[in-house]
Structures are given as C-alpha cells and as structure tokens.
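Working notes for the structure below.
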Amino acid sequence: MITEKDRDSLIEYRLNQALETIELAKFLVVSDKLTIAVNRIYYGMYYALTALALKNKFETSKHGQLIGWFNKEYISSKKVDAKYGKILRNAYQNRTKGDYDAFVNFSKVETESMLYEMTDFIEEIKRLIENQ
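All the letters of the sequence shown, read from the start, carry residue numbers 5 to 136 under my numbering.
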C-alpha cells in the first residue's frame, strides 16, 4: 500500500515526466524524427494520465485499462470535453502504428498537430489534478 506522501511524490514525478516529454517531442519534430516523436507524444499523455489516476487512487499497468478508466470517469461523466478522449485514443493508435507496423510515415504537419494536442491534453490533466 502506497502512503499519501509517496503518492503525492509519484504524482508530481509523473507530471514532470509528462512536461519534459513535451520538450523532447518538440525536439524530435524539429529533428524530423517523426515516428519517435509520435511515440513520445503518446507517452507524455500516458504519464499525465497516470498522475491523474494516482490522484484518484486508481492503479494499473495496462494502457487499455487506464484509457478505459479515463473514458468512464472523465469523458462519459462529462467532467472533461469529449475531445480529450479522442486525442488520447488517436495518440494511442498512432503510437501503436508507429511502434508495430512496418513502413509507417507521419507527416510533419500531422505530427505538429499531435504535439499541439498533446500539450493541450497534458495541461487539461494538470488542471484536473490541481483542482481535486
């Protein structure tokens, strides 16, 4: 069982990881490492979402369970705009495509759009955590 102090430390760590990943993804886009950027875009959102789940005392190591929890607790209940569920789903699908499919190419414009959505998503998750 995790203590409240440890939980708070882990939440802060995951949020910092998410924010650092925004900067890394920006660097990767500028460097034309687009498939790797897409991976980091998803994981930045994943780190933030993990922090939100921890804040709500929900723990899982499964991506699908975490996304399902977010959809149930925040999208279906209308605590956040449905666009955030779509952003997360698209990021997960693109990351999976980039990691596991052969010959996948993402355009710079497409990846820049994903980067913008990632930043928006992480800021929304941060706001949710701060307001709980």
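The beta carbon of each residue, even a glycine, is placed where N, CA and C say it ideally should be.
Since I believe residue 6 is in contact with residue 55 (beta carbons under 8 angstroms), could you give me their beta-carbon distance rounded to a whole number of angstroms?
-> That pair is no contact at about 13 angstroms.
Segment contact flag, the stretch 59–77 with the stretch 121–128, C-beta cutoff 8 angstroms, min 3 pairs = no
Going by other Cβ atoms of all chains shown within 10 Å of its Cβ, with 16 needed for buried, is residue 33 buried or exposed?
-> buried
Go to residue 78, then tell me how far its alpha helix (DSSP H) extends in each direction, as first and last residue.
-> No alpha helix (DSSP H) holds residue 78; DSSP gives it neither H nor E.
Under a three-way DSSP split, which group does residue 25 fall into?
-> helix
Report, in whole angstroms, the separation of the C-beta atoms of residue 102 and residue 43, which I expect to be a contact under 8 angstroms.
-> 6 angstroms
Below 7 angstroms between beta carbons: does that hold for residue 137 and residue 100?
-> Since the first residue of the chain shown is 5 and the last is 136, residue 137 is not available in this structure.
With 16 other Cβ atoms within 10 Å as the buried cut-off, status of residue 110 = buried
Determine the extent of the alpha helix (DSSP H) in which residue 97 is found, giving its start and end residues.
-> 87–104
Would you kindly check if the distance between the Cβ of residue 26 and the Cβ of residue 95 is under 7 angstroms?
-> no
Separation of residue 117 from residue 78, as counted between CA atoms | 23 angstroms
When the distance is taken between beta carbons, is residue 58 closer than 7 angstroms to residue 91?
-> no
Length of the line joining the Cα atoms of residue 9 and residue 108 = 43 angstroms
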